[in-house]
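S.K.: Mind looking over this structure? Questions follow.
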Amino acid sequence: MKQEIREKLISLSENKYREFSSALVPNSDNMLGVRLPKLRKLAAEIAVNDDLSCFDGEDIYFEETMLRGMVIGALKIDTEKRFELISDFVPLINNWSVCDSFCASLKFISKNKSLMWDFIESYCYSEKEFYQRFGAVIMLDYFVDEEYIEYTLKRLSEIKTAKYYSSMAVAWAVSVCYVKFPEETKAFLLSGVLDDDTYNRTIRKICDSYRVQKADKDFLKTTIRKKEKCL
70 MKQEIREKLI SLSENKYREF SSALVPNSDN MLGVRLPKLR KLAAEIAVND
120 DLSCFDGEDI YFEETMLRGM VIGALKIDTE KRFELISDFV PLINNWSVCD
170 SFCASLKFIS KNKSLMWDFI ESYCYSEKEF YQRFGAVIML DYFVDEEYIE
220 YTLKRLSEIK TAKYYSSMAV AWAVSVCYVK FPEETKAFLL SGVLDDDTYN
270 RTIRKICDSY RVQKADKDFL KTTIRKKEKC L
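So, in structure tokens, the structure goes:
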């Protein structure tokens, strides 16, 4: 069955899309070039029958790993089993694309927020770049709300963002917090808890948003820390 899935992915691949996408995604030399909507459709088809065959053996192609993550989100299984599959999957994440698509597929979190909040703690405090990004993206996708905003900002500030992709994830998450809870997030930003690079990346993300007023953007630009080199 694993081979059948692989052949299906090859049949869905597009060379031009592979060339475009692989240039944007690090560690994707094994990309076939299958568009996300097609991957989601295939994942749903596999999940309908609670089919775990895509988990047999190692993945050869980027899309196999992406599909594996989407199936985890789509399967009709109990929460304990899903957490087990998530635990097995996170170590396979080695780029932002797989990480972010995987997080977005975990819709079950909306009804299991307390359990997921506890589950991601060890990933947020890990030293591994994509463990940290996984935790941060889960928070921005599911925990930017009135109940969790205070806890989300605190935990984001505690992620050790020495690596680029974890720093960018924290910046992205804080920018989402700012859009939804501007006063709380502004106070958080001005408290100085973020390192210089992550802080300035956050300001850049906020200023890129169409949902933030120009006056707010103008003020935040005045707080940019000059040490940052990426702006």
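Our numbering puts the first residue of the sequence shown at 70, with every later residue one more than the last.
Backbone N, C-alpha and C fix where the C-beta goes; we use that ideal spot for every residue, glycine too.
1) Roughly how many angstroms lie between the CA atoms of Leu93 and Lys77, to the nearest whole one?
2) Determine the DSSP secondary structure at Arg137, reduced to helix, strand or coil.
3) Let me know the secondary structure DSSP gives Ile275 once reduced to three states.
4) Let me know if Arg137 comes out buried or exposed under the rule of 16 or more other beta-carbons within 10 Å of its beta-carbon.
5) Only counting the same chain, and skipping five residues up and downstream in sequence, which positions put a Cβ closer than 6 Å to that of Tyr130?
6) Leaving out the 5 sequence neighbours to the left and right, which residues in its chain are closer than 6 Å to Lys274 when beta-carbon positions are compared?
7) Going straight from the alpha carbon of Ala238 to that of Tyr86, what length do you get?
8) So, helix, strand or coil for Glu252, using DSSP?
9) What do you get for Asn164, buried or exposed, if any count of 16 or more other CB atoms within 10 angstroms of its CB means buried?
10) Which residues mark the beginning and the end of the alpha helix (DSSP H) in which Phe203 is found?
11) Does Ile79 pass the burial test, meaning 16 or more other C-beta atoms within 10 Å, or should it be called exposed?
12) When you compare only the Cα positions, how much space is there between Ser235 and Asp128?
13) Count the C-beta pairs between the region 135-153 and the region 168-184 that are closer than 8 Å, then say yes if the count reaches three, no if not.
14) If I follow the unbroken alpha helix (DSSP H) through Gln282, where does it start and stop?
15) Using only the alpha-carbon positions, how far apart do Lys223 and Lys71 sit?
16) How close, in whole Å, do the beta carbons of Glu190 and Lys229 come, if the pair is a contact with beta carbons under 8 Å?
17) Put Pro106 into one of helix, strand or coil per three-state DSSP.
18) Are the CB atoms of Ala116 and Leu161 nearer to each other than 8 Å?
19) What whole-angstrom Cβ distance do Phe159 and Tyr200 have, given they're in contact under 8 Å?
20) Drop a sphere of 10 angstroms on the beta-carbon of Ala284, count the other beta-carbons inside from all chains shown, and report buried for 16 or more, exposed for fewer.
M.R.: Concretely, from the data shown:
1) Position 24 of the sequence shown, counting from 1, holds the residue named residue 93. Position 8 of the sequence shown, counting from 1, holds the residue named residue 77. So the two alpha carbons sit approximately 24 Å from each other.
2) In the sequence shown, counting from the first residue as 1, residue 137 sits at position 68. In the structure shown, Arg137 sits in a helix (DSSP, three-state: H, G or I).
3) What you label residue 275 is simply residue 206 of the sequence shown in a count that begins at 1. When DSSP states are grouped into helix, strand and coil, Ile275 belongs to the helix group.
4) Within the sequence shown, residue 137 is the residue found at index 68, counting from 1. By the Cβ neighbour-count rule, Arg137 is buried, with 16 or more other Cβ atoms within 10 Å of its own.
5) Sequence index remark: in the sequence shown, residue 130 carries index 61 (1-based). When the five nearest sequence neighbours on each side are left out, the beta carbons in the same chain lying within less than 6 Å of the beta carbon of Tyr130 are those of Asn99, Leu101, in order along the chain.
6) On the sequence shown, residue 274 is found 205 positions in, with the first residue counted as 1. Closer than 6 Å at the Cβ level, and outside the excluded window around Lys274, lie Ala240, Trp241, Ser244.
7) Working through the sequence shown from its first residue, we reach residue 238 at position 169. Working through the sequence shown from its first residue, we reach residue 86 at position 17. When the Cα atoms are used, Ala238 and Tyr86 turn out to be separated by approximately 25 Å.
8) Counting from one through the sequence shown, the residue named residue 252 turns up at place 183. The answer is helix: DSSP assigns Glu252 an H, G or I state.
9) The residue given as residue 164 occupies position 95 in the sequence shown. Result: buried.
10) Counting from 1 along the sequence shown, the entry for residue 203 is found at position 134. From DSSP, the alpha helix (DSSP H) with Phe203 extends over 198-211.
11) Your numbering for residue 79 matches position 10 in the sequence shown. A residue is called buried once 16 or more other Cβ atoms fall within 10 Å of its Cβ, and Ile79, having fewer, is exposed.
12) Working through the sequence shown from its first residue, we reach residue 235 at position 166. Working through the sequence shown from its first residue, we reach residue 128 at position 59. Straight-line Cα distance between these residues: approximately 24 Å.
13) Yes: the two stretches touch, three or more of their Cβ pairs being nearer than 8 Å.
14) For the purposes of this step, residue 282 is taken as the residue at position 213 of the sequence shown. It is not in any alpha helix (DSSP H) - Gln282 carries neither H nor E in the DSSP assignment.
15) Taking the first residue of the sequence shown as 1, we reach residue 223 at position 154. Taking the first residue of the sequence shown as 1, we reach residue 71 at position 2. Those two C-alpha atoms are separated by around 42 Å.
16) Locating residue 190 in the sequence shown gives position 121, where the first residue counts as 1. Locating residue 229 in the sequence shown gives position 160, where the first residue counts as 1. In this structure, Glu190 and Lys229 do not form a Cβ contact; the two beta carbons are roughly 14 Å apart against a cut-off of 8 Å.
17) For this step, residue 106 is matched to residue 37 along the sequence shown. Looking at Pro106 - three-state DSSP - the assignment turns out to be helix.
18) For the purposes of this step, residue 116 is identified with residue 47 of the sequence shown, where counting begins at 1. For the purposes of this step, residue 161 is identified with residue 92 of the sequence shown, where counting begins at 1. Contact: no.
19) Along the sequence shown, read from residue 1 onward, the residue named residue 159 stands at position 90. Along the sequence shown, read from residue 1 onward, the residue named residue 200 stands at position 131. Looking at the sequence shown, residue 159 is not Phe but Val. Between the beta-carbon of Val159 and that of Tyr200 there is about 6 Å, and that keeps the pair under the 8 Å contact cut.
20) In the sequence shown, counting from the first residue as 1, residue 284 sits at position 215. Per the 10 Å Cβ criterion, exposed.
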